[in-house]
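These notes are about the structure you will find just below.
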Amino acid sequence: MEANNQLVQLADDEAAEIARILRELTGQLQIIQRPLRAAAETIAELDGVFARARFARDFDAAMPEFSATNELRLEGARHPGLEDKLRKENRSIVPMTLTLGGEERVLVISGPNTGGKTVVLKTTGIAALSAQSGIPVAAERAVLPLFDGVLVDIGDEQSIAADLSTFSAHMLNLKTMLQAATANSLVLADEMGTGTAPEEGAALAVALLDEFRAKNCIVLATTHHDRLKTYASTTLGVVNAAVEFDEVHLRPTYRLMVGVPGGSSGIAIAKRLGIATGIIERAQSLLTPESREAADLVAYLHRSRDELDRLQRQMTSERRALDEERKKLRTEWVERQHKRIKELEAQFAEMHKRFDENVARVVEAVKERELRAQVEKTTRRKMQDIRSEAREELHAAVVETISESQADLGVHAASPDAVSADRLQPGAKIRVRGFSKPVLLRRIDGSSAEIEAGPLRMKVALDEISGVEEAAPALKASSPAAKLQGVTVTSQRGEVSSYDEINVIGMTVEEATDRLDKFLDDAALARKARIRVIHGHGTGALRRGIGEFLAAHPLVEKYSFETEEHGGKAITIVELQR
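Residue numbers (my numbering): 173 to 750.
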């Protein structure tokens, strides 16, 4: 008896201790109640973010785009629940693509049972709800309006207890949807007009669609009624769509085709499910001629749509192949030109190296101090001459490469007409075969002409000249030199005149430096010690550009502004290397 009492007492003591521990722990938790609640909410939010990310990764989902124009565009959309089920069965889902918006806001979907009509409705609804819940959409691209409601009538809601037939349940749902619908609503209605006489059901369905259309809703509705297909074909803003049925293998393909109506294919499905051949033949014989004609027309439309899709895919493939071939040819051409230019640069560098080595050997061979200075002076002048010749050779090679490149690309000049000699005056702009733009004629030398093309100067045969683009400007009678665009040069030998100056006022920096570069070459060949560059004051941009150009030019020893009484900063004096 005593032992039993002790056992009961120990049990009571244990219960009391447990209650005490729980009270103590509860008190401690009460102290940190707010941080715990915040932590739980944070964990829940993070769990939701990670769940969305895993969903997007597993289903290759896209971030939705929200349309300000109430456009609904789904490209490659899939029902995630159906896709997950098919994956477990090692089967693949058929994605769908549809576009609604603007004037076309109602889509009537027809086709056989088990063909995927209801899946189209559910996929669209899930995409809209996912986008507005911050969940990526299982599609390649999803553009959706911001809906204020997704109104759905899908499935058979008949109820014996509530005394509702299939038709009554559909009508009550559609009544509620009509009351709630706005211009920003998405309406999904399955099997409109079923559950009653076909003629009355189709008439009710048309009237309901008109009411939803009047409210400017976006509507997707499925049907088997031919009257609704006709309604979609003849009503502005309503579009037909069909789920495809393979007439050869007598099975649905689950592909959504927008723009064509679908056939119910009830007899074909019954045949595939094993209904006796005699019954199938009897059913086909009982079809009215109009029904058979309509079925044949729908089949023809489907075949035409398939052929159009095939041609479009073929055209896309051929266009892609042409683009790739064009890129390949262009890449090969650019690589050839780069290779040729590098070869020319290497040849010029080797020529320059050999010349420097020869100069060094000659100078070192002269032992007498008195002769060394004279030799160096002479070789420096020779260096300038040879460099000029090398530059001309390089320019000519580059022009030849450009001409060859134009020939590679199929650019051919028209056969030139004969040009009379009296029209070929120095300073004229002429057209030469192999050049896409006019070039400047510098002088005539027997049967050849010296021309200037941008920074390049070279000789061409007179019979290569195809026309005169612009006659030479008139020469001043008081001077033996021709002035071309402000540059004073001799008309016979291209040397600098006795005035030793160039006027570049009014030119851009690029134009002025191009002219000045040629002028410096002529001055060096004429053994001039100094020249004057007239550029004016202006904004100062031309003066600064010329200064930077002269500072880097190999023929310039030094340069400075003219004295104030002779023009000051409007004129630059350039001293050439001797």
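C-beta atoms are modelled at their ideal positions from N, C-alpha and C, and glycine is treated no differently.
Query - Simplified DSSP assignment, three categories, for Lys-401 - result: Note: Lys-401 maps to helix in three-state DSSP.
Requested in this report: With Thr-394 as the anchor, note down where its beta strand (DSSP E) starts and where it stops.
Outcome: For Thr-394, the enclosing beta strand (DSSP E) stretches over residues 390-394.
**Report entry** Simplified DSSP assignment, three categories, for Gln-181
**Finding:** In the structure shown, Gln-181 sits in a helix (DSSP, three-state: H, G or I).
Query raised in the report: Identify the residues that DSSP records as bridge partners of Glu-278: which are they?
Result: Note that residue 278 is Val in the sequence shown here, rather than Glu. For Val-278, DSSP records a beta bridge to Val-391, Val-410.
Query raised in the report: How about the segment 278-298 and the segment 197-213: do they share at least three Cβ pairs that are nearer than 8 Å?
Result: Too few Cβ pairs lie closer than 8 Å, so no.
Query raised in the report: Do Lys-601 and Val-591 have their CB atoms nearer than 9 Å?
Result: Not a contact, by the Cβ cut-off of 9 Å.
**Report entry** Rounded straight-line distance, which links the Cα of Leu-346 to that of Gly-273
**Finding:** If you take the alpha carbons of Gly-273 and Leu-346, they lie about 22 Å apart.
Query raised in the report: Between Ile-326, Asp-185, Arg-195, which lies nearest to Leu-344 when the distance is taken from Cα to Cα?
Result: It is Ile-326 whose Cα lies nearest to the Cα of Leu-344.
**Report entry** Outcome for His-396 when other beta-carbon atoms lying within 10 angstroms are tallied against a minimum of 16
**Finding:** Under this definition His-396 is a buried residue.
Query raised in the report: Excluding the five sequence neighbours on either side, which residues of its own chain have a C-beta within less than 8 Å of the C-beta of Arg-224, listed in chain order?
Result: Hits under 8 Å: Gly-306, Ile-307, Pro-308.
**Report entry** Arg-192 versus Asp-184: straight-line alpha-carbon distance, rounded
**Finding:** For Arg-192 and Asp-184, the gap between their C-alpha atoms comes out near 12 Å.
Requested in this report: Just mark Ser-732 as buried or exposed, buried being the case when its beta carbon has 16 or more other beta carbons within 10 Å.
Outcome: Ser-732 comes out exposed.
**Report entry** Cα-Cα separation between Ala-303 and Pro-236, rounded to whole angstroms
**Finding:** In a straight line, the C-alpha of Ala-303 is about 6 Å away from that of Pro-236.
Query raised in the report: Which residues in the same chain have their Cβ closer than 6 Å to the Cβ of Ser-587, if we skip the five residues on either side of it in sequence?
Result: At Ser-587, the pLDDT of 43 sits below 50, so the modelled position is not reliable; the number obtained from the coordinates is stated separately. Correct list: empty, nothing qualifies.
Query raised in the report: With which residues is Met-630 paired in a DSSP beta bridge?
Result: Paired residue(s): Ile-623.
Report task. Would you decide whether Pro-267 is buried or exposed? Buried here means 16 or more other CB atoms lie within 10 Å of its CB. Result -> When all chains shown are included, Pro-267 counts as buried.
Report task. Could you tell me the boundaries of the alpha helix (DSSP H) in which Val-746 lies? Result -> Premise fails: Val-746 lies in the beta strand (DSSP E), 743-748, not in any alpha helix (DSSP H).
Requested in this report: Look at the alpha carbon of His-584 and the alpha carbon of Ile-674, and state the distance between them as a whole number of angstroms.
Outcome: Low confidence applies to His-584: its pLDDT is 46, below 50, so where it sits in the model is not reliable, and the reading given next is rough at best. Whole-angstrom Cα-Cα distance: 38 Å.
Query raised in the report: Can you give the Cα-Cα distance for Gly-740 and Lys-730, rounded to whole angstroms?
Result: Cα to Cα, the separation comes out at about 17 Å.
Requested in this report: Going by DSSP, name the residue or residues bridged to Ala-361.
Outcome: Beta-bridge pairing by DSSP links Ala-361 to Asp-325, Ala-393.
Query raised in the report: If we call anything under 9 Å between Cβ atoms a contact, is Phe-222 one with Arg-250?
Result: Contact flag unset, no.
Query raised in the report: By DSSP, does Glu-737 sit in helix, in strand, or in coil?
Result: Looking at Glu-737 - three-state DSSP - the assignment turns out to be helix.
Query raised in the report: Out of curiosity, what's the CA-to-CA distance linking Gly-712 and Leu-494?
Result: Note on geometry: alpha-carbon atoms of Gly-712 and Leu-494 lie some 51 Å from one another.
Query raised in the report: Starting from Asp-641 and walking both ways along the beta strand (DSSP E), at which residues does that stretch end?
Result: This sequence places Glu at residue 641; Asp is not what is there. According to the DSSP assignment, Glu-641 belongs to the beta strand (DSSP E) that extends over 637-642.
Query raised in the report: So is Thr-711 in contact with chain B if we call contact Cβ pairs under 9 Å?
Result: Checking the listed chains, one finds no chain B in this structure; it contains a single protein chain.
Report task. Pick helix, strand or coil for Asp-169, following the three-state DSSP scheme. Result -> Summary: the structure shown does not reach residue 169, with the chain confined to residues 173 through 750, and so no result is reported for it.
Report task. Quick one: grab the DSSP three-state call for Gly-373. Result -> Shown here, Gly-373 sits in a helix according to DSSP, grouped into three states.
Query - Range of the contiguous alpha helix (DSSP H) that encloses Arg-716 - result: That run of the alpha helix (DSSP H) goes 713-723.
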